[in-house]
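Trainee:
In my numbering, the protein residues as written are 407 to 592.
1) How would you label residue 499, buried or exposed, when you count the other beta carbons within 10 angstroms and need 16 or more for buried?
2) Could you name the residues of the same chain whose beta carbon sits closer than 7 Å to that of residue 561, not counting the 5 residues immediately before and after it, in chain order?
3) For residue 453, I'd like the list of residues in its chain whose CB is within less than 7 Å of its CB, leaving aside the five on either flank, ordered along the chain.
4) Just tell me which of 509, 494 and 569 has its CA closest to the CA of residue 410.
5) Quick one, are the C-beta atoms of residue 509 and residue 491 less than 9 Å apart?
6) Less than 6 Å between C-beta atoms, sequence neighbours within five positions excluded: which residues of the same chain meet that for residue 517?
7) How would you write the range of the beta strand (DSSP E) that residue 554 sits in, first residue to last?
8) Unbroken beta strand (DSSP E) runs of length 3 or more, entirely within the stretch 426 to 507: which are they?
9) Check each candidate in 412, 501, 574 and 557 and name the one with the smallest Cα separation from residue 442.
10) So does the stretch 533 to 543 actually touch the stretch 419 to 433, counting three or more Cβ pairs closer than 8 Å?
11) Quick check on this structure: which residue in 527, 592 and 541 has the alpha carbon closest to the alpha carbon of residue 412?
12) Counting only the same chain and skipping the five closest in sequence on each side, list residues whose C-beta sits under 8 Å from that of residue 520.
13) CA-CA distance, residue 485 and residue 479?
14) Per DSSP, what are the beta-bridge partners of residue 521 in this structure?
15) Assuming residue 436 contacts residue 586 under a Cβ cut-off of 8 Å, what Cβ separation, rounded to an integer in Å, is found between them?
16) Hey, could you find the ends of the alpha helix (DSSP H) residue 570 is sitting in?
In structure tokens, the structure reads:
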């Protein structure tokens, strides 16, 4: 078993044990209170599943605030695109059992006011991220360095170190139930 695979299993098991709706609410409130969120031109957000931090409540609140939100669509060729929704009802269960938008929905215009809510299994205080291994976010975000990346996670999933590669994209901000870690003000 390679090192990253073993780490993914370890942090996945740890996240499953940490899953707590109260912690999710605290993380959501912290995230929604950020100036970067209220001033965002649009927000790229993932549809949470399993033990991930609940992004459904965040998405609903953003829609109520009339902040445009877009969800990812993973394609067979390793490409990920985002598509803007006006309602969470526009998401359907797709690849990997994750809710996703139809590719016919419009793609957001990416600007320096675009914010990405970044999924991951673990992070370091420097913003390094252990993802799920598909590389979708790394490839997408490499094309748009101006996107501000906020990672919601549980405090216990902050690691002293993670195996990082030069192509890995880091978070600019990490939100846990205990604190907000600003890595890059941008």
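Virtual Cβ for every residue (Gly too), placed ideally from N, Cα, C. This structure is a prediction, so every number in the text was calculated from the model and none was measured.
Mentor: Answer, in terms of the structure:
1) By 1-based counting over the chain shown, the position of residue 499 is 93. Exposed, because fewer than 16 other Cβ atoms sit within 10 Å of the Cβ of residue 499.
2) On the chain shown, position 155 is the one that residue 561 refers to. So the qualifying residues of the chain are 582, 583 and 584.
3) As a position in the chain shown, residue 453 is number 47, starting the count at 1. Counting only Cβ-Cβ distances below 7 Å, and skipping sequence neighbours, we find 461, 477, 497, 504, 505 and 506.
4) If you number the chain shown from 1, residue 410 lands on position 4. For the residues 509, 494 and 569, the minimum Cα distance to residue 410 belongs to 569.
5) Taking the chain shown and counting its residues from 1, the one referred to as residue 509 is at position 103. Taking the chain shown and counting its residues from 1, the one referred to as residue 491 is at position 85. Contact: no.
6) Working through the chain shown from its first residue, we reach residue 517 at position 111. So the qualifying residues of the chain are 447.
7) Stepping through the chain shown from its first residue, residue 554 is reached at position 148. Looking at the DSSP string, the run of the beta strand (DSSP E) that includes residue 554 is 554 to 558.
8) Taken in chain order, the unbroken stretches of beta strand (DSSP E) that lie wholly in the stretch 426 to 507 and span 3 residues or more are 448 to 450, 475 to 480 and 486 to 491.
9) Within the chain shown, the letter at position 36 stands for residue 442. Per the Cα distances, 557.
10) no
11) Here residue 412 refers to the residue found at position 6 of the chain shown. Measuring from the Cα of residue 412, the nearest candidate turns out to be 527.
12) For the purposes of this step, residue 520 is identified with residue 114 of the chain shown, where counting begins at 1. Closer than 8 Å at the Cβ level, and outside the excluded window around residue 520, lie 446, 447, 448, 449, 450, 514, 550, 552, 553 and 554.
13) By 1-based counting over the chain shown, the position of residue 485 is 79. By 1-based counting over the chain shown, the position of residue 479 is 73. Going by C-alpha positions, residue 485 is about 8 Å away from residue 479.
14) Along the chain shown, one-based indexing puts residue 521 at 115. The partner list for residue 521 (beta bridge, DSSP) reads 449 and 554.
15) Translated into positions along the chain shown, residue 436 becomes position 30. Translated into positions along the chain shown, residue 586 becomes position 180. The Cβ separation is near 6 Å, so the contact holds.
16) Indexing the chain shown from 1 puts residue 570 at position 164. Element bounds for residue 570: n/a, residue is neither H nor E.
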